[in-house]
Structure formats: C-alpha cells, structure tokens
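Undergrad: Before anything else, here's the structure in question.
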Amino acid sequence: MAKSALILCMDVGFNMSNSGPGEESPFDQAKRVIQKFVQRQVFAETKDELALVLFGTDSTKNPLDNDDQYQNITVHRNLMVPDFKLLEEIENQIHPESQQADCIFDIALNVCVLVENTTIHKLDRRNIVLLTDLNSPVSSDNLDVIIENLKQADITLQFFLPFPAEEGDGEAPGDQDRRGPGHPGTGKGLSEEQKEGLDMVKHIMLTLDEEEGLEQIYTFSAIEQLCMFKRIERRPMAWPCQLTIGSALSIRIVGYKAVTEEKLKKSWKTVDAQTNQKDDVKRETVYCLDDDNETEVQKEDIIQGFRYGSDIVPFSKVDQEQMKYTHDGKCFAVLGFTKQSSVQRHRFMGTQVIKIFPGKDDEHAAVALSALIQALHELQMVAIVRYAYDRRSNPQVGAAFPCIKQDHECLMYVQLPFMEDLRHFTFPSLENNSKFTPSDEQLSAVDSLIDSMMLVEEDEDGKQKDIFKVHDIPNPAFQRLFQCLHHRAVNPGTPLPAMESWLKATLECPEVIRERCQSALGEIKNKFTLTQVEKKKKLKTSAQIFGKDSDEPEAKKAKEDEADEEFNLADIAEGSVTSVGSVDPARDFRTLIRQKTLTFEEVCKQLTHRIEQLLGNKSTDYYMKSITCVEAFREQSVKLGNADLYNSYLQLLKSSIPTQGLESFWELLVQDGVTLISEDEVEGSTVTRNEARQFLVTERIEEAAAHPAEDPGDVDDLVRIVLL
Amino acid sequence: EGYGEQLPLKLGGATCVREERLTGRDSLVFLVDASKEMFIKGEDGAPSNFDMTMQVVRTVYTSKIISSHRDLIALVFYGTEHSKNPNDTFKHVYVYHDLDEPGAKRVQDVDALRGEKGAKLAAETLGCGPSSLGDALWCCANLYSDIKLRLSHKRLMIFTCREQPHGGDNVKDRQARTKASDLKETGVVIDLIHLMKPGGFDVSLFFRDIVSPPEDESELGLQLEPCEKLDDLQKRVRAKEQKKRATARINLCLGDGLNVAVGLYATAVTARKPPPVKLYRESNEAVRSKTRTFHTQTGSLLLPSEIKKAQTYGKKQIEMEKDEVDFIKKFDDPGLVLMGFKPMEKLKLHHHIKPSVFLYPEEGEIKGSACLFSALLKKCSEKNVYALCRCIARRNNPPRFVALVPQNEEVDDAKVQINPPGFNVIYLPYADDVRTLDLPRCTSASQEQVDKMKDIVTKLRFKYKSDAFENPVIQKHYRNLEALALDMMAPEEVEDLIMPKVEQIDRRLGSLVDEFKNLVYPANYNPESKPAAKRKTGAEKKPKVEVSMDQIKVHVQNGTLGKLTVPVLKEACKQFGVRTTGTKKQELIDALMDQLSS
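Chains as they are written, first to last, in the UniProt record's numbering: chain A, 1 to 724; chain B, 1 to 598.
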C-alpha cells in the first residue's frame, strides 16, 4: 500500500495571532486545520507518518540548532504514525509565541527536508504542508537551493494561507467553492511582507509544478473539506481464476471486490467501568439442562445436533464434515447465457459486486475476455455462472454483466438467489381496487411533484448534472462515531456533542429542491386525504398469549384468586415451605411472608433470586412464571406498605433488559401493567403516580429489540466459517 | 435464544421472531378430496390429481422444515371410506396428520401416498366413500381448537376436482356453508385449489360460498383456471402458503409532514444452514446456554452499570457508556424520507450492497396511503424515474439511501401473480462502500473475435428463472439430516444444479471453441497454467521474515505494526507470550498493542 510521509509546518510566530475584531486569528485557523487533518489520519488508521515542525517558537529544538541560522524552529514531533498523544499535544501545548524571526520560512523548509530524510522507510510520497500568514519578512536568497532540494528529494509542497493566492485574477467560478466564499481580510488587507511572500510562494510552486502548482495553495477555509473523516479505504485483493465455458475454453481472469458494504475494522469491547480494563471483565457461557434444578452440563458432555422440523438429529462434527457438500474449489464457470432483461435488478443477492478483469499481464486473456464482454454487450445478454471463492466457501450462482467504459472493459459479477432464498408473496392488486385508484387530478398532482423534485438537471449545454450523488457521501455512521470518539478522547468527562451541521446537511433534501417542490406538495395535500388510523391498541396480556385462560380449568383459577386474597388452608397443610422454591415461587413467597419466620428482605431476596434464574431461560413459559413472581412481589409489598425493595428491584430489572435480552419479557410486563408502586398506593414511596405510569413507557426496549436480529446471522456466519 | 436462531432470515429475523412470540404460530391445513375422481390418471399416463396433490404437500412439508419449521401443518382427507379423527366423531373424514410441526416421519408418510404404490396404499387405508364437506370442515375446526399454542395465521386449503362434492344435496351443501362461515369467523382463511376435470370446474356452483373472499376486491381468486400441471399447482399453493409479514411498518415522508404508511417486506433472504443445537450427550436433550459477565478478580456478576464499552484509536482507549453507544447510532426515528427523483438510467447496476426489499402501502395505518402510493407508482413507472429516499428501517439504525424502483403488477397466463405491484427498495452504496481499483491496461478484441464469441453465446442461450437453482449446500445438509432422522442407509443424492453441464456445452459448441481459440490465443498458449512471473514471487515470499523483539517494540511505539504480515504478527504474539483468540490482522495487532504499549 502506498505509504507517505507528511510534515505539517506551522507558523506560530506572534504575527499569527493578529486578527481583526471578531475574527478568528490565523493561528487558531491554522491550528484547526492541523487538528482536523491529524484526526482524519488517526481514525483512518493509515500507516502514513507525520511530523510537526513549528517555526517562530521562543525556544529552539531541531537537528541543526547549533547553527545560528536555525533558531526559533522546533521539531515538535518527528515522523511517526499520528496518535491521540499528538492530538492532545496540539490541543494543549501549541500556543502562539512571540518570536518574529526574519527569513524564517525558507529555513524552516530546510529543516523539513531534513526531517523528511530521516525516515528509514521506503516512501511513495513525501509532502510538506506549510501553514503561515506570510507576515514574516522573506529573503529570496536561498530559494533556488530550497527548490533544488525539494526537487531532488521528490517532495511536494502545499501552502495553507489565510487569504486566497489569486484574488481577482480571473478565477474560474468553480474554484470559488473550493476556497470558500467571502473569506474575511482578503485582497486589499495584505501587508507589504505578505505581498512579497505571496509572490515568492507562487514562484516556488510554479517552479515545482508549472501546470498545477498554484492549485496546491489553499486557504484556511479549506477546513470544510477536512471536516470529513477519511473514507475507509481497503486494498483490493486480487482473486485470480479461470473463466470457463465448457471443458475446452478457459480465459485467465482476475476479480476484485468493487462495491461492498464496508464495515468498521474495530468493534466495541467491554471494559470494567471503574478500571477501564478489558481484562477485568470476563464473559462465561455455561450450559444446563432444561429442568427445575438447571443442572449444569460440562462442555465435554455436549454434542451437536440439528433440527429437522420437529426432530432434533444428533449429528457429530466429524460426521457432518464427512457427509457435507464438497466441491472442487475456486471456480468461475459459465452455465449458460441469458437475456439481460431476465435477470431482475431486485433479485440481486449477496453483499458485493465483483469486477472481473483479464489475468495480469496476459494480453491474450485480455483479448479473449474483451471478445466475451463485447459479445454480451452487443447481444444484450449476461453469463450465468457458478462462482466459488475457494474450496472452503459455498458456491453461488450469479450473473456476469458486460461493462464497457471509456477507459476499461470488465465483467461485473453479482450473486443471484437460490430457490430457497425466495419468498413469493402475493399482494392485492392496486389497480383492480376502485378505492385505491387515483383520479386524473390526483395523478397530475403527483406528476408535478416528480417534475419539481428531479435531482438530475440539464444545464445550458444539455449536460446532465446530478445534484445528489449518494456514492459521494461518506457513511454518516462512521463520521458520527469518529466525531464522538474524538470528542471523548480530547474532552474527557463532557457529554457527547451534537451531530456536525455539515453532516446533517448532507443527509437532507437539497435546499433548491425543497423550495421548488413547495407548491406541488401543497397540491398533493389538497388532492389526497390521508388520515392516521386510530388504533385501538390490542393489548395482549401474558395470560392470553400463553393461553392460560384455556389451559387451566376455571376451578383452579378460582382457587388461585382466593389464595391471592386470603391465606389458604391447603397451603398451611403443605406447611413445609422454608424457602422460595422453583416449582411455584410466587406461592412460596406469599406463604413465607405470612409465616413471618424470615424477614421480608430475606424472602424478597430469595424471590428475586428465583426470578433471575427463571429469566435466564429466555423462554416464554419461564417469563410467564417470572411475571407471577413479580406480581406477587408487588402485591405483598403494597400489602406490607414497603415499596422500596420492589421499586428498586424493578428499576434494576429494567436497566438490565438490553444486556440480558429481556425485551419480550418486558413487553409482557408492560402489557400486564405491572409498574412501580406509587405514593398513591404506599405512603412513603418516592414514586409519583405519573412516574409509575411513565416507567413502562420506554423507548429503549424497542431499540434494543432490534439487536437480537443481527445476532443469529452473525452466529450463523461464524458457524459457517468454523465448520466449512 | 430459543427457536429464533432457526429462522433463516437475517433481515427479517427479529421482527418475525418477535411477532411470533407475541402473536403465535402460523398454521396450514391441507384438506384433500380422496374421492375416486381424484385418482383418475390424466392423458398419456399423466399423474392423477391425487398424486399431484401429494407431491405438492410433500414440497410444502420439506420447504417448511427448511424455512419455518415452527409452523404447524395438518393433512386431512375427506370422502374416504374409513374414518380416523379424534373420538371418531365424523364419518368419512380421515386425519392423516393432525396439526403439528412437520418432521422427517411425516415427509415419509406423505411419500408413501405418492405414485402407483401410493394410490394402492390410499385405496387400502383411506378408501373412497361418500363426502360431507361440512363434517370435514367441522373436524378441521376441532383440530384448530385442540391446539394449545396461540395461532396467528390460520389457513385451510381444499384440494378437489369436484365442483359439487355433495352431488347437489342441499342439506349437506348448507351444512358445509355454515361450517365454512364458522371457520372463517374464527380467522381461518379458506382457499380452494381446484384441480382439472373434464368439462371445466365451475366455482360458482358451490365453492364460491365456501372460500374466503380475496384480499382485494377483484374476483381474481375465482377466475383462476383449474390447475392442470404440477408446476401451476406448486406455484399456486406456494403463493398462498407463504404468509407475508412486514419486517417494518414505517412512514414514507414526501416532505412537510406528508406521510404515506408503508410496509417493508423481505422477498429474498439468503437461506443458510441452520446453526447446530447443543445436546447433552447422555440423553440427547437440548441444553440451554447462559452467558454471564463477571469481574475477573472478584468473581462477582457485573451489572450493566458496572461495564463500559471501549475502542482504541491512535494508541488511546476511548470509553463510552452503553447508552452513549446507542446515542451515537441514532440519527432519526425510523422512516423513509423522500429526497427527490432521478431517471432510471441513473441507477447503476453495480451499486449493489445487499438484497432489496419490497414496499407496499399500509392502508391500515394511514387511510389514503394506498391511493397516493398507487399514484406515485403509476407516475414513476410512466416517467421512468425512481424515488431517492433516506431510509432508517429500525430504531437506532444509521441512515442508508435507497432507490424506490417502481414495479407494476404482472400475472402469468394462469392469472397467478408473478410480480406484485409496489416499489423495490434498492440499497445504495456510500463513498466508503465503493472501492478504488487500479484498472489494468486493456486490449480490445477485434470484430471478428467478437463475432465468433457471439456465436458461442448464442449457442448456449437458455431461459433464466430466478427459482431454478437449489442451493446444493443446504439441500445436501437436509438430505443428510433426513437420512439420519429416518435411519436411511444413505442420504438421497442431491443434484448440484449450479454445476455446468460440461458435456452438453461441449457438444453444443462443437468446433466453435477451437475456432475462437485460434482467433485469440497463440499456438503455445495455455490459459490453465499460471504465469511464470507469479510463481517466482511465490517462491521468493517463502522464507520467513524474522523480526526481532526490539523491532516489534519499535513498531508498537510508532503504531506501525500494521506493516507486518500476519505470520510475523502471530510469531510476535508467541514470542511475547501474548494470548490471542483472534486470527485477523487487526485482532493480532490489538492484542500486541494491549500487551506491549502499557
């Protein structure tokens, strides 16, 4: 991968802190540019090395500092991969200083060249970025030497200045955006030194690169481009293979993943909240039988099986390995050709598009593949192929589309569905239903809405311009995560920031469109009636769900009801209740409280222990049992006028929902309306009635509920990798 | 997590499992006519209606086992001579399978009724007798009520080739109608799968009053021609048998508070081999797993408030609370927000990152949705544009941009819907998702070479159908399980349908291959051999790169471990005694950094 070394060379001399009233000083601007840039590098985790050189410093620290010429230049950091330490240093240690040395930036450049040369690594690119307001007097004596040095070391140069380099001399209109419109203090405000300095900068840049040199002079407002964290880049991995048609014709090819949903390389780790140490937290999985005692089973005594409908078939790993589907491995074999139109876009499967090119440095393969690509293109057909990445991975069926671009040709491979993947849902026709058929008026309202909201426009030259290119937008999830991580790292102990405004803006409908569609939108509102359907919320109580009503004979239910109210003789007869057991914990709980042989706290502790056990099972039947326990807990607490234990337990329970995956249990609890005990019920409760009601209304639950969805898939993936 | 894992859904998994927990199981009863007429063979020895029905039933059984084994299925015959039902209340009704999850044994049972032998077995066990559809429906009603589980979707399919099962007996007809409406009242959807008979099948004579009215107002259901071919039958049953469930119900906001309620449906989900179930060796019973988080030193269980989440960047570990992690992910409430429209040709073929989902209006949430949706669909289709939307399908999901591509309804000759009306939702890539490739220098083929390839392509044309290929990996897995479950000697062979039929291809191409090769390849060229250069680099790479412990330390300090290769990193882990379970590069780096940078 391309590695590069970059030196940020920043002017911190006293001139940099000059600014008009209400304006940000050049120093602060330059510092922000540097911060943003380093941030990007840190989160992109590039291997690029970076050094920081300051000039105009009060002190001196550089490899040449015994030479009088090289005073007031500090190499703050030598070339290395940037990290948070550097960011913290920039934040806390870099301040405007008071020196104003003459002819300093050319000398600083010399130091930079030297620093660049210290690295032992082979580099593909060397770059120096100079941030200054050009206010220190410049001498042009050494200029030619410096340019020569830069050229020899093959170092490119970039300037960041507080003002644009080409004010007024016929800038292309497009450049306006790049430099940021209406920058303060441009043009006329330049001092003599600055004008002189600017001329010299231009001279250097044009000498280094005649054609595009000036484009490498930026203003500090280029920060807008730097706000974005770097997009994730991955090195494309070549997949060499042979495309085969029958047994006799094969073409050497190489495939590259071209489009795929990029994931972050890192994931969240769990650490101890106190020590912040990962090693202090351990996760352990134990296995147990589905009986009342939850008998634990040793890992060695576990074998694997699979479901076949209602049957579970023991199927050892060894057997599975022996009997499983095997194939010859890597392959890209044509099964046949079909019309492009018969492969529907919405049937694309998988998570990637692979581009297929001819084998490396193989001209004959290039010609053969080109013939196929062009043939398919001309016939409007695609190849249906069997694709297998390697012997361990599952083979796929997919389509290879011809793709002919100005500068290259290739095949594009997309996976297609297997019969097992498809669900043939039938939906009621929209056209045959008079209620849903829009009138001509309604249709024309929609017609104008579409016209007013076209994101692709033709300009005067008839060229199409797309004003909303999704594939130019960086993944906002990554941007937001990095923003928050960065904030937490440099501002510990403060709440996370709001989303950056530029990021928010990229996700919104473009302003032009929003304005343009107003009247059409109003027309639609007039022509269509949309009314929210008031839903009588169908409340399902846990009893309904588990069919308690039908399962249990009326008599038994009645008996239980009685037990709720009054102490039942039968229960005394059973008399031997000494602790909350697992068979009917709620009943035991009530009995024990009446017996008063144990303290209320102790009995509650036993009950909650049972509840934890039951909830550990993650099964609806156990949830049911748990709910009766919680209800009993509540009822007895109210009776005894002691709300604290119950209330704090329920709050604890609620907070453990996301981590324990108890969403569905909670929903049942909500539906049964089992909430906190309010002050209305028990005097001394710290919970108001409203709080008690609000307690069950929680957003968290639903949020967390979405997570288990991903899990089976991941596990599945993992298992596949392990097994195959 | 119970049976949640079994569902092969990735996208829709959560919703389905959740819904199932809350609303119960799906159920399906096959009520099959076993009269003499059903056993009459078609012309030229074509299979009888009964035989076809059994084949379809078998397909449904096995596909349910793969895709949704928690569904309950029953198989009941009417018009039989013998009777078999709880307490034998009903004459001439034979409950072959009561409502239960399908398993290996049941597949075998159905198999036994197929073909020549099956007809014989049916004659012995079922026999043909007088029919009373009323009794049969009553019996089915009892099957439903005997189920202790909560049922969500209840469907009953009647397979028959007799338009008047009672031969015009008004009393019996009336009784059947009453029972049918009783069933419908309890939420059972009754479908008629009418089969071919000489002279056509007139639904209006009797069955119109038995079956449930179609979802839309159309008479589509009844206009259907009777099924003659197995293919049609399979298709029609399949279309009915799969209960559609929205994976999400959200609003499509056109702007300014103008909302259309829509449902998202996963119409194609990668089916996977299910994960194994853990069993106790001694008893073969399933075990449950419990995962606990505890403190390494004290051994005490950690409450959610006692743990944090962390990531390491730039050699710094950054911690967040669990709800901060959620907060970061949250951009907006779930929903689709319209950005604008683009011409269809702007939708690039290669902008594909995951399977699409289907969008259909939810009239039940916002009244008027279907009408505006329908207008939008019609106009997008007419103007050949797609709608670009921002999509958050679920709470705390970051946004994705999607293209809503209009799809008009399409039905086949037998009036079975092939494509439903609605929008296909195509997920679009962000900048991060599109990789930069170094484009190799290309040599273009001459027209002569292209033309020769066109001959080859034309020779190998076939009609692609998206459901033509079975997944050999999954099929093989289930054949194996079937064999083990049924104590078969060897699993049934699986034909690998995605294997190229090499001999056929060679035969069809004949001399074309050599002609093409002569045009593009020089005489001594062998595309099968690896290029020489490649092999050389392979050999060069072999000697192991040794990196000293000091060098590793320097790399740790500078954060340049990434420059090292995986084998070197593994070796380094060994040298420093760093224990790591990971094998990925990043994991190795993290482990080394953790150990050595502190």
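Ideal placement from N, C-alpha and C gives every residue a C-beta, glycine not left out.
Keep in mind the model is a prediction, meaning the values are calculated, not measured.
Could you give the distance in angstroms between the alpha-carbon of Thr688 (chain A) and the alpha-carbon of Val674 (chain A)?
TA: When rounded, the distance between both Cα atoms is 15 Å.
Undergrad: Give the secondary structure of Asn471 (chain B) by DSSP, where H, G and I count as helix, E and B as strand, and everything else as coil.
TA: In this structure, Asn471 (chain B) counts as coil in the three-state DSSP scheme.
Undergrad: Name the chain B residues whose beta carbon is nearer than 8 Å to that of Asn475 (chain A)?
TA: Correct list: Pro398, Tyr430, Ala431, Asp432, Asp433.
Undergrad: So, is His194 (chain B) buried or exposed, given that buried needs 16 or more other C-beta atoms within 10 angstroms?
TA: Looking at its Cβ environment, which holds 16 or more other Cβ atoms inside 10 Å, His194 (chain B) is buried.
Undergrad: Does the CB of Ala368 (chain A) have a neighbour CB from chain B at under 8 Å?
TA: Chain B contact via Cβ: present.
Undergrad: Do you know how far the Cα of Phe163 (chain A) is from the Cα of Gly182 (chain A)?
TA: Reliability fails at Gly182 (chain A), whose pLDDT of 39 lies under 50, so the model's placement of it is uncertain and no value is given.
Undergrad: On a Cα-Cα basis, can you pick out the residue from B:Val547, B:Leu230, B:Asp173 that is closest to Phe207 (chain B)?
TA: Comparing Cα-Cα distances from Phe207 (chain B) to each of B:Val547, B:Leu230, B:Asp173, the minimum goes to B:Asp173.
Undergrad: Between the alpha carbons of Leu359 (chain B) and Val42 (chain A), how many angstroms are there, rounded?
TA: Roughly 41 Å separates the two Cα atoms.
Undergrad: Can a CB atom of chain D be found closer than 8 Å to the CB of Tyr265 (chain B)?
TA: The structure shown has no chain D; the protein chains it does contain are A and B.
Undergrad: Is it buried or exposed, Arg391 (chain A), if we count other Cβ atoms within 10 angstroms and call 16 or more buried?
TA: Exposed, because fewer than 16 other Cβ atoms sit within 10 Å of the Cβ of Arg391 (chain A).
Undergrad: How about Ala248 (chain A): is its C-beta nearer than 8 Å to some C-beta of chain B?
TA: Interface residue, yes.
Undergrad: Assess, as a yes-or-no matter, whether the segment 272-283 of chain B is touched by the segment 82-101 of chain B under the definition of 3 or more beta carbon pairs within less than 8 Å.
TA: Too few Cβ pairs lie closer than 8 Å, so no.
Undergrad: Counting along the chain, where does the beta strand (DSSP E) carrying Leu52 (chain A) start and finish?
TA: Residues 49-55.
Undergrad: Taking the alpha carbon of Met10 (chain A) as the point to measure from, which residue in A:Glu49, A:Ile513, A:Thr57, A:Asn142 has its own alpha carbon closest?
TA: Closest option to Met10 (chain A), Cα to Cα, is A:Thr57.
Undergrad: Can you confirm whether Cys604 (chain A), when its beta carbon is compared against all beta carbons of chain B, has any partner nearer than 8 Å?
TA: With 8 Å as the cut-off, Cys604 (chain A) does not count as an interface residue toward chain B.
Undergrad: Taking all protein chains shown into account, do 16 or more other C-beta atoms lie within 10 angstroms of the C-beta of Glu296 (chain A), making it buried, or fewer, making it exposed?
TA: Exposed: under 16 other Cβ atoms inside 10 Å.
Undergrad: Under a three-way DSSP split, which group does Met453 (chain A) fall into?
TA: In this structure, Met453 (chain A) counts as coil in the three-state DSSP scheme.
Undergrad: Determine whether the Cβ of Ile34 (chain A) lies closer than 8 Å to any Cβ atom of chain B.
TA: Ile34 (chain A) does not count as touching chain B.
Undergrad: Is there contact between the segment 72-83 of chain A and the segment 345-355 of chain B, where contact requires at least three CB pairs shorter than 8 Å?
TA: In short, these stretches do not touch, since the Cβ pair count stays below three.
Undergrad: Would you say Leu222 (chain B) faces chain A, with C-beta separation under 8 Å as the test?
TA: In this prediction, Leu222 (chain B) has a pLDDT of 46, which is less than 50 and means its spatial position is unreliable; what the coordinates show is noted afterwards. By this cut-off, Leu222 (chain B) is not an interface position.
Undergrad: Return the CA-CA distance between Pro398 (chain B) and Thr247 (chain B), expressed in angstroms with no decimal places.
TA: Answer to the nearest angstrom: the Cα atoms are 17 Å apart.
Undergrad: Should the segment 331-351 of chain A be called in touch with the segment 409-426 of chain A, which here means at least 3 C-beta pairs below 8 Å?
TA: A contact exists between the segment 331-351 of chain A and the segment 409-426 of chain A.
Undergrad: Output needed for Ile456 (chain B): all residues of its chain with C-beta closer than 7 Å, excluding positions within five of it in sequence on either side, in chain order.
TA: Leu509, Leu512, Phe516, listed in sequence order.
Undergrad: For Cys241 (chain A), would you say it is in contact with chain B, using Cβ-to-Cβ distances shorter than 8 Å as the test?
TA: No - not a single Cβ of chain B is within 8 Å of the one on Cys241 (chain A).
Undergrad: To the nearest angstrom, how far is the alpha carbon of Ala370 (chain B) from that of Phe436 (chain A)?
TA: If I take the Cα positions, the gap works out to 6 Å.
Undergrad: Quick test of the definition: if touching needs 3 or more C-beta pairs under 8 Å, does the segment 83-95 of chain A touch the segment 488-495 of chain A?
TA: These segments touch.
Undergrad: Determine the extent of the beta strand (DSSP E) in which Ile303 (chain A) is found, giving its start and end residues.
TA: Per DSSP, Ile303 (chain A) belongs to the beta strand (DSSP E) from 302-308.
Undergrad: Three or more C-beta pairs closer than 8 Å, one from the segment 327-335 of chain B and one from the segment 381-395 of chain B: is that the case here?
TA: They touch, by the three-pair rule.
Undergrad: What are the residues of the segment 377-390 of chain B that lie near chain A, defined by any Cβ-Cβ distance shorter than 9 Å?
TA: Listed by position, the residues of the segment 377-390 of chain B near chain A (Cβ gap below 9 Å) are Leu377, Lys378, Lys379, Cys380, Glu382, Lys383, Val385, Ala387, Leu388, Arg390.
Undergrad: When you compare each of B:Ile307, B:Ala104, B:Leu377 to Pro491 (chain B) by their alpha carbons, which one comes out closest?
TA: If we check each option's Cα against that of Pro491 (chain B), B:Ala104 comes out closest.
Undergrad: Out of A:Val353, A:Pro438, A:Thr244, point me to the one whose CA is closest to Ala365 (chain A)'s CA.
TA: Closest option to Ala365 (chain A), Cα to Cα, is A:Thr244.
Undergrad: State yes or no: is the beta carbon of Ala273 (chain A) nearer than 8 Å to at least one beta carbon in chain B?
TA: Taking Cβ atoms only, chain B reaches closer than 8 Å to Ala273 (chain A), which makes this a yes.
Undergrad: Got a sec: which bits of the segment 490-509 of chain A sit with their beta carbon under 7 Å from any beta carbon on chain B, in order along the chain?
TA: So the close ones are Leu496, Leu507, Cys509.
Undergrad: Between Gly255 (chain A) and Lys355 (chain A), how many whole angstroms is the CB-CB distance? I'm expecting something under 8 Å.
TA: Between Lys355 (chain A) and Gly255 (chain A) the Cβ distance is about 7 Å, and since that is below 8 Å, they are a contact.
Undergrad: Is it the case that the Cβ atoms of Leu336 (chain B) and Cys253 (chain B) are separated by a distance below 8 Å?
TA: Closer than 8 Å, so yes.
Undergrad: Which term fits Ala268 (chain B), buried or exposed, when burial requires 16 or more other beta carbons within 10 angstroms of its beta carbon?
TA: Counting Cβ neighbours within 10 Å, Ala268 (chain B) comes out buried, since at least 16 surround it.
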